[in-house]
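K.L.:
Sharing a structure here in structure tokens format.
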Amino acid sequence: VKKKKAQPSDFWCFAGYAGWGPKQLMGELNRKSWYMCATDSQTLLKELANQSAVADPRDAGLDTWELLMTMIGRGETSEESSGDFEDLMLKEWARERLLSVEAGGNAGIRLQPA
């Protein structure tokens, strides 16, 4: 990007952590905490690229999650949890830590008066 060979929009950045103790993942699968589907990485990346053009970053990716859940036949599940406390907390976290001017984001959100 600095050498003008690419634009920031050419890149995706994912951050997070997932770790499981012995047999924990199997327990989560048995409790239906995860939804599994067959796909390939290109399908997912293409859909994420399509969504990036229209997604509102203040939504913290929740609209994309709802779309992907619908695509795998779990739209009803995403509708049931839409707007719950965890969604609101994620949006607040994204606003403060990713989108605000103070955090280096470019959404123009100011947490403190200028």
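For the sequence shown, position 8 (counting from the first letter as 1) is numbered 126 according to the numbering used here, and the numbering increases by one without interruption. Note that beta-carbon positions come from the ideal geometry of N, C-alpha and C, so glycine has one too. Remember, it's a predicted structure, so these values are computed and weren't measured experimentally.
In three-state terms, what does DSSP make of F129?
P.N.:
Coil, per DSSP.
K.L.:
Less than 8 Å between the beta carbons of L166 and L208, yes or no?
P.N.:
No; because the gap between Cβ atoms is not below 8 Å, this pair is not in contact.
K.L.:
Who are the near neighbours of G193 in its chain, counting only those whose CB is closer than 8 Å to its CB and skipping five residues on each side?
P.N.:
Excluding sequence neighbours, G193 sits near E184, M187.
K.L.:
Here's the rule I'm using: 16 or more other beta-carbon atoms within 10 Å means buried, otherwise exposed. How should L206 be labelled?
P.N.:
Answer is exposed; the Cβ neighbour count stays below 16.
K.L.:
Helix, strand or coil for W183, going by three-state DSSP, please let me know.
P.N.:
Correct three-state label for W183: helix.
K.L.:
Tell me, to the nearest whole angstrom, how far the beta carbon of R176 is from that of R213; I am working on the premise that it is less than 8 Å.
P.N.:
Sure, about 6 Å apart at Cβ, within 8 Å.
K.L.:
Just to confirm, is the Cβ distance from A173 to T182 under 8 Å?
P.N.:
Yes, Cβ-Cβ distance for A173 and T182 is below 8 Å.
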